[in-house]
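K.L.:
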Amino acid sequence: MKIRRFQLNNVRLRNKLLMLYFLSVFIPILLTNVIFYQVTTHNVQRQKTEDISLNLDKLKDEFRAKIDNAVGISSFFYTDGLLNDALEQTYAETIDYVRMYNSQLAANINKYNLVYSEIKGIQMYTNNPTIIDSGGLHPLTDIIRDSEWYRSLQKVHAEGQPYPLVMRSADNESSYSGLSIIRQMNNFVNANTYSKILKIEMSPDAIEVMFSNQALQGNLYLLNAEGDIQYTTDAKLDWIRGKTNFRSVAIPKDAIQLERTYSTNYLKNWRIVLVSDGHVLDAVRKSKQFVVYLALLNILLPTLVIVWISSSLHTRLVRILVHMKKVKNQHFDLIDEPETKDEIGQLVREFNRMTVQIKSLIDDVYIADIQKKDLELKQRQSQLHALQSQINPHFLFNALETIRMRSLIKQENETAKIIKNMAKMFRRSLEWGGEWVTFRDELDLILCFLEIQKYRFGDKLSYHFEVDESVYSCKIPKMTLLPFIENASLHGIEPLQGHGTIELKATRSGDQVSFTIADTGIGMPKEKVDLLNAYMGNGEDVSEHVGMKNAFMRLKLYYGNAIDVQISSEDGVGTIVKITTPVQVNESDRSPKLY
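Per my numbering, the sequence shown starts with residue 25, numbered consecutively.
So, in structure tokens, the structure goes:
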């Protein structure tokens with residue numbers, strides 16, 4: 025089973041230009057702008073994320089500094105021996121406690137409220153019955169023992185952790201009450217007759233200002249080690265009354281979540297979490313319209329240029345093709361187009377010149393001759409004219425079609441070269457005044473045709489000439505061999521999957537000259553070969569291979585029964601055509617060319 029390869033030669037010019045546009049302009053520009061937008065979005069998101077991370081680190085350090093200040097204050101009380109002795113002492117009279125409070129406790133308890141704005145108040149609780157409930161000192165009542173902060177402190181104390189406890193001041197108030205630093209005043213082991221608890225309350229305003237002043241887009245959550253929300257800027261969340269765990273918060277799918285975790289002993293596993301709802305990419309989304317306009321501009325300008333250039337090629341080539349079809353039907357209309365200097369312009373000029381000469385030749389020579397001849401001569405000349413007129417446009421049309429299909433995918437120098445060969449063939453076919461030419465001139469024309477075909481097929485086609493020296497000067501009817509060479513190229517080599525070769529051998533023996541045209545193409549079945557040989561022998565009509573039939577009829581008109589044409593072919597191997605004619609020598613012989 026033969027595999028058919030995709031060939032651009034079979035694609036119309038308009039479709040080739042569309043392929044060129046989509047593959048070289050539209051798709052690359054579209055992909056470039058999509059990639060540009062994606063890369064820009066990624067870079068901006070990364071930069072925004074880095075900026076947010078820096079601000080989040082700053083907030084983390086600022087919050088820890090506030091907590092460290094409160095913990096440091098608690099350490100002063102924790103290590104104050106005079107304060108411990110004052111709280112451990114049993115007072116016989118109230119006045120004794122008042123004197124002690126005014127001299128030792130009042131200044132120490134109240135001075136920190138004035139120095140640190142984030143400290144709302146300092147409270148001490150003890151079960152010493154001789155201490156009065158006033159001035160920041162309170163009895164350790166059952167209500168206090170039943171409070172959540174007291175139970176949490178006892179749990180931490182039971183676990184043997186000497187660090188302060190940081191927690192929300194209250195969970196059941198209607199407004200945020202801030203944070204508290206709570207610790208047992210048990211530093212002096214041998215002097216702990218009574219229980220003593222220190223509670224430093226941080227100002228809720230200080231925490232709110234600290235979290236609200238950050239240049240962070242999104243909601244901030246301050247979480248304890250269990251994940252309970254201690255503070256948040258999420259206005260939609262009801263978290264002040266009772267406990268709200270962060271796991272219950274609905275996080276948008278496109279949100280960016282960043283968090284910072286504390287490793288300090290008294291803030292161990294506390295976290296600050298930022299949930300951004302996608303506003304990070306607002307700047308990129310705003311620039312999307314600009315990217316779209318830029319993409320449209322990048323597509324529009326190349327499109328206009330390609331349409332302009334393709335119109336210059338396609339319209340003029342179609343016009344030439346239309347006029348060539350008119351010439352085929354003997355309508356010799358000239359192409360009315362302004363003179364241009366490119367290759368298509370040169371082709372138009374040569375076509376117009378050829379059309380004028382053909383029309384003049386027909387009007388001045390053939391019609392005049394037909395009028396002077398007798399009926400039999402008129403009939404033979406008319407048949408000759410019809411056959412020759414069919415042969416000439418036939419191979420010229422195929423050559424021009426090849427140029428049209430290939431010119432757009434080749435460099436300019438190759439196009440100029442092939443048009444030069446085409447023009448040379450035009451001029452040679454028009455400049456031949458007589459019906460007979462030397463074999464050397466016929467060989468020049470064949471070489472031009474094969475060069476054009478080699479341009480079409482590339483390395484797929486090769487050719488070889490083997491000519492006796494004495495054959496160069498022999499005269500033959502013009503374009504005797506070219507139709508057979510063309511048939512070998514188009515019907516033998518073109519359908520071939522691999523490489524093909526055309527060989528031309530010319531020999532002379534006495535008063536006979538033989539031309540052998542062999543190709544390594546696809547060949548023909550035996551039935552077709554038999555039909556063709558039957559036509560060559562006795563004139564039996566065949567419906568196929570009209571070109572070879574017309575070429576033989578033309579030779580028959582010149583040579584009569586002196587012409588002999590033999591065809592041999594094997595399917596899949598190749599075809600050999602052997603033509604034998606009488607010798608007619610050109611007296612003005614020249615030195616042969618090297619091929």
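Ideal Cβ positions, reconstructed from N, Cα and C, are used throughout, including at glycine. Please read these numbers as outputs of a predicted model, since none were measured by experiment.
1. Pick out whichever of M446, P501 and D535 has its Cα sitting closest to the Cα of R578.
2. With distances taken between CB atoms, is the gap from E86 to M234 smaller than 7 Å?
3. List in chain order: all unbroken beta strand (DSSP E) runs of 3+ residues lying wholly within the stretch 479 to 564.
4. Quick one: is N19 buried, meaning 16 or more other Cβ sit within 10 Å of its Cβ, or exposed?
5. According to DSSP, what are the bridge partners of W460?
6. What does D170 pair with, by DSSP beta-bridge criteria?
7. Less than 8 Å between the CB atoms is what I'm expecting for Y290 and V68, so what's the real figure, rounded?
8. By DSSP's criteria, E283 is part of a beta bridge. Which residues make up the other side?
9. With H338 and F375 assumed to form a contact (beta carbons below 8 Å), what rounded beta-carbon distance in angstroms separates them?
10. Let me check understanding here. Comparing Cα to Cα, which of T256, K220 and T327 lies closest to D109?
11. What first and last residue would you give for the beta strand (DSSP E) that runs through T599?
12. Let me confirm a value: F314 is counted as buried when at least 16 other C-beta atoms fall within 10 Å, else exposed. Which label applies?
13. Flag this pair as yes or no: are the beta carbons of S98 and I224 separated by less than 7 Å?
14. Taking I587 as the reference, give the member of F576, I143 and T118 with the closest Cα.
15. Please work out which residues of its chain come closer than 7 Å, Cβ to Cβ, to K529, disregarding the five sequence neighbours upstream and downstream, and give them in chain order.
16. Looking at I600: is its Cβ nearer than 7 Å to the Cβ of L556?
17. Can you tell me whether L358 is helix, strand or coil according to DSSP?
18. Going along the chain, which residues of its own chain have a beta-carbon closer than 8 Å to the beta-carbon of R373, five neighbours each way excluded?
19. Would you report the Cα separation of P52 and L320, rounded to the nearest angstrom?
20. Buried or exposed for V329, going by 16 or more other Cβ atoms inside 10 Å?
21. Cα separation between P15 and S300?
22. Spatial neighbours of G251 within its chain, please: C-beta separation below 7 Å, excluding the five flanking residues on both sides.
23. Within this structure, are the beta carbons of T217 and E112 separated by less than 7 Å?
24. Where does V351 sit, in a helix, a strand or coil, going by DSSP?
25. In terms of alpha-carbon separation, which member of T605, Y559, D554 and N196 lies closest to D595?
26. Return the residue from the list Y45, L189 and H181 that minimises the CA-CA distance to D92.
27. If you follow the alpha helix (DSSP H) that L80 is part of, which residue opens it and which one closes it?
28. Can you give me the start and stop residues for the alpha helix (DSSP H) that D120 sits inside?
29. Express the C-alpha separation of D258 and D278 in angstroms, rounding to a whole number.
30. Taking the CB atoms as reference points, tell me whether I442 and Y487 lie closer together than 7 Å.
31. Could you check if M209 is buried or exposed, using at least 16 other CB atoms within 10 Å of its CB as the buried criterion?
32. With a floor of 3 residues, list each beta strand (DSSP E) that falls wholly inside the stretch 173 to 250, ordered by position along the chain.
33. Between which two residues does the alpha helix (DSSP H) harbouring E112 extend?
34. If the criterion is Cβ atoms closer than 7 Å, does the pair G598 and G547 meet it?
35. Are L261 and Q254 close, meaning C-beta to C-beta below 7 Å?
36. Hey, is the stretch 501 to 514 in contact with the stretch 468 to 475, meaning 3+ C-beta pairs nearer than 8 Å?
P.N.:
If we stick to the structure as given:
1. The residue from M446, P501 and D535 with its alpha-carbon nearest to that of R578 is P501.
2. The Cβ atoms of E86 and M234 lie closer than 7 Å to each other.
3. If we require 3 residues or more, the beta strand (DSSP E) runs fully inside the stretch 479 to 564 come out as 485 to 491, 499 to 501, 524 to 533 and 536 to 543.
4. This structure leaves residue 19 out entirely; the chain is present only between 25 and 619.
5. Bridge partners of W460: P501.
6. Partner(s): none; D170 has no beta bridge.
7. A Cβ-Cβ separation of about 39 Å leaves Y290 out of contact with V68 under the 8 Å criterion.
8. According to DSSP, residue pairing for E283 in a beta bridge involves V297.
9. With 8 Å as the limit, H338 and F375 do not qualify as a contact, their Cβ atoms being about 17 Å apart.
10. When each option's Cα is compared against that of D109, the closest is K220.
11. Segment G598 to P606, the beta strand (DSSP E) holding T599.
12. Classification of F314: exposed, given that the 10 Å Cβ count is below 16.
13. It is a contact, given that the beta carbons lie within the stated cut-off.
14. When F576, I143 and T118 are compared, the shortest CA-CA separation from I587 is found for F576.
15. Counting only Cβ-Cβ distances below 7 Å, and skipping sequence neighbours, we find E490 and T540.
16. Taking the C-beta atoms as reference points, L556 is found no nearer than 7 Å to I600.
17. DSSP places L358 in coil when its eight states are reduced to three.
18. Cβ within range, chain order: E363.
19. C-alpha separation (whole angstroms): 13 Å.
20. Flag for V329 reads exposed.
21. Given a span of 25 to 619 for the chain in the structure shown, any question on residue 15 remains unanswerable.
22. Same-chain partners within the cutoff: N269, F270 and R271.
23. In this structure, E112 lies closer than 7 Å to T217 by Cβ.
24. Helix, per DSSP.
25. Distances from the CA of D595 to each of T605, Y559, D554 and N196 were compared; the closest alpha carbon is that of D554.
26. D92 has its Cα closest to that of L189, out of Y45, L189 and H181.
27. I51 to Y102 is the extent of the alpha helix (DSSP H) around L80.
28. Looking at the DSSP string, the run of the alpha helix (DSSP H) that includes D120 is T118 to M124.
29. The straight-line gap from Cα to Cα measures roughly 17 Å.
30. It is not a contact, given that the beta carbons lie outside the stated cut-off.
31. Buried: at least 16 other Cβ atoms inside 10 Å.
32. 189 to 192, 203 to 208, 220 to 226 and 243 to 247, all fully within the stretch 173 to 250.
33. Per DSSP, E112 is one residue of the alpha helix (DSSP H) stretching across G105 to E112.
34. Yes, the pair counts as a contact, with Cβ atoms nearer than the cut-off.
35. One thing to note: L261 has its Cβ no nearer than 7 Å to the Cβ of Q254.
36. The stretch 501 to 514 makes contact with the stretch 468 to 475, as at least three CB pairs between them are under 8 Å.
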